[in-house]
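Protein chains in written order, with my numbering: chain B, 3 to 351; chain R, 10 to 104.
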């Protein structure tokens, strides 16, 4: 029995993850541009007129991270490989930081895959919005995108890179969710992640078409049969963690936002004007890391060592950072996840 | 497999960050890019691997830990931890 389960049985408070004096991993949303036009794009690529950080600014920031003892960088976009200097930045991190990259993989050919292996990339997380070609191509606005993603994964695996296939659970892929796992097996990947749909960017604008009720999500997840050799990652009950305690994230424009899924709700300061660790001390950021929530699902706390579940979806649907996460079926309390609160329908960050 | 006469150190380029508030450490191994979670015991063994012979590292570990858990358990724990660090290339034999 693990310590959390024991705490629960003895009716003791669950031991929480400790407060970190400073983070050790960070997500860098390196750009807000892409070669595709996806209906689920959280970054709403192409919509911002603010300048993105330059190569030199990112290098200065990476130096700061290394000096502060960071070990792990997770790059995402936009589509990171759409940025011409992205491989140069990966090279700048080489051997100093563990690097993972979230990508559509459509820009990964055989030569690039070999270069990424040489650059020491720890893992690629590859987004695939649907595991049926026609649906994927429609969702990305790019004919042939399904084949391009699969080719990218094949090149990456052939080069010896670890690959996790990511599927954002939506009304468009729920009926064929099993295909992700079967595709993972076929492409010799060791992980498949099923992620929740967040009401951010273009996904928020296309919410009616994409969203599901919580029971529909749970039904899709419950039907999955995980093939041997594949690890399934998912964050619904009883694995709904409150990750804020360790999360750090910077947007393409240098804003420190804690987590990519919080990018439309918070801004703790800009790293071109202040250090990341100074933003770590922002009062709201500190509060979000404190597990200060109104109620908590004991099962999720037992597996995750945190309280209340995801703060982004809690805030999106309730307007309160302290609310329980409605994506946990113990704390949903009748929230229809297909219906966005009015303020999200009209707000643009 | 290790040598009792060999001297051991943290493998060059391996990055380690300890979390005292957490009681464990993380190690990043760039040759095989991975982050490894080290418990207190593995972290202590890693600290002891500063270029000294295996026998001395083992003796120092047992001296510190055996009074609390008994020599047999401490020795087993040491060997498990040492083997794990070696297998993951977090420590290696040094000149």
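In this text, a Cβ means the ideal position worked out from N, Cα and C, and glycines have one as well.
(message) Within the continuous beta strand (DSSP E) that includes residue 27 of chain B, where are the two ends?
(response) Residue 27 of chain B -> beta strand (DSSP E) spans 27–31.
(message) I need the straight-line Cα distance from residue 213 of chain B to residue 184 of chain B, nearest angstrom please.
(response) The straight-line gap from Cα to Cα measures roughly 24 Å.
(request) Look at the alpha carbon of residue 118 of chain B and the alpha carbon of residue 63 of chain B, and state the distance between them as a whole number of angstroms. (result) Computed Cα separation, rounded: 21 Å.
(request) Please check the pair residue 100 of chain B and residue 133 of chain B, which I expect to be a contact at CB under 8 Å, by giving their CB distance rounded to whole angstroms. (result) The pair is not a contact, with the Cβ atoms about 29 Å apart (cut-off 8 Å).
(message) Looking at chain R, is there any beta carbon in it that lies within less than 7 Å of the beta carbon of residue 235 of chain B?
(response) No, no contact with chain R.
(message) Whole angstroms are fine: how far does the CA of residue 247 of chain B sit from the CA of residue 296 of chain B?
(response) Using only the alpha carbons, I get a separation of about 16 Å.
(message) Helix, strand or coil for residue 214 of chain B? Go by DSSP, reduced to three states.
(response) Here residue 214 of chain B carries a coil assignment [DSSP, helix/strand/coil].
(request) Measure the C-alpha to C-alpha separation of residue 146 of chain B and residue 205 of chain B and round it to an integer number of angstroms. (result) Straight through space, the alpha carbons of residue 205 of chain B and residue 146 of chain B are spaced by roughly 21 Å.
(request) Could you say which of B:83, B:135, B:38 and B:88 lies nearest to residue 58 of chain B if we only look at CA atoms? (result) Selected option, being the one with the closest Cα: B:88.
(message) Along the chain, where does the beta strand (DSSP E) containing residue 45 of chain R start, and where does it finish?
(response) Annotation: the continuous beta strand (DSSP E) that includes residue 45 of chain R extends over 43–47.
(request) Report buried or exposed for residue 348 of chain B, applying the criterion of at least 16 other Cβ atoms within 10 angstroms of its Cβ. (result) Under this definition residue 348 of chain B is an exposed residue.
(message) Going by C-alpha to C-alpha distance, which of B:236, B:272 and B:318 sits closest to residue 53 of chain B?
(response) Of the listed residues, the one whose Cα sits closest to residue 53 of chain B is B:272.
(request) Give the residues from the region 37–57 of chain R that approach chain B closer than 7 Å (Cβ to any Cβ), ordered along the chain. (result) Listed in sequence order: 37, 39, 42, 43 and 44.
(message) Using CA atoms only, rank isn't needed, just tell me which of B:44, B:267 and B:77 is closest to residue 27 of chain B.
(response) For the residues B:44, B:267 and B:77, the minimum Cα distance to residue 27 of chain B belongs to B:77.
(message) For residue 22 of chain R, would you say it is in contact with chain B, using Cβ-to-Cβ distances shorter than 7 Å as the test?
(response) So yes, residue 22 of chain R belongs to the interface.
(message) Could you check if residue 186 of chain B belongs to the surroundings of the ligand MG, using beta carbon to heavy atom distance under 6 Å?
(response) Absent from the structure shown: the ligand MG. Ligands present: none.
(request) With 7 Å as the threshold, decide whether the Cβ of residue 100 of chain B is near any Cβ in chain R. (result) Interface residue, yes.
(message) I need the straight-line Cα distance from residue 434 of chain B to residue 107 of chain B, nearest angstrom please.
(response) Residue 434 of chain B lies beyond the stretch modelled for chain B, which goes from 3 to 351, so this question has no answer here.
(message) Is it buried or exposed, residue 286 of chain B, if we count other Cβ atoms within 10 angstroms and call 16 or more buried?
(response) Looking at its Cβ environment, which holds fewer than 16 other Cβ atoms inside 10 Å, residue 286 of chain B is exposed.
(request) Can you grab the Cα-Cα spacing for the pair residue 17 of chain R / residue 61 of chain R, in whole Å? (result) Straight-line Cα distance between these residues: approximately 6 Å.
(request) Using a cut-off of 9 Å between C-beta atoms, extract the partners of residue 26 of chain R located in chain B. (result) The contact set of residue 26 of chain R on chain B, defined by CB atoms closer than 9 Å, consists of 26, 71, 72 and 73 in chain order.
(request) Have a look at residue 28 of chain R and residue 121 of chain B and give me their C-alpha separation to the nearest angstrom. (result) Roughly 28 Å between the two C-alpha positions.
(request) Quick one: measure Cβ to Cβ for residue 278 of chain B and residue 250 of chain B, integer angstroms, because I've assumed they're closer than 8 Å. (result) That belief holds up - the Cβ atoms of residue 278 of chain B and residue 250 of chain B are roughly 7 Å apart, short of 8 Å.
(message) Quick check on this structure: which residue in B:326, B:317 and B:283 has the alpha carbon closest to the alpha carbon of residue 300 of chain B?
(response) Nearest option by C-alpha distance: B:326.
(request) Classify residue 63 of chain R as helix, strand or coil using the three-state DSSP reduction. (result) Residue state for residue 63 of chain R is assigned as helix, using DSSP reduced to three classes.
(message) Only counting the same chain, and skipping five residues up and downstream in sequence, which positions put a Cβ closer than 6 Å to that of residue 60 of chain B?
(response) These residues qualify, in order along the chain: 91.
(message) Is the beta carbon of residue 55 of chain B closer than 7 Å to that of residue 336 of chain B?
(response) No, they are not a contact pair.
(request) Please report how far the alpha carbon of residue 86 of chain R lies from the alpha carbon of residue 76 of chain R, in whole angstroms. (result) Going from the Cα of residue 86 of chain R to the Cα of residue 76 of chain R covers about 14 Å.
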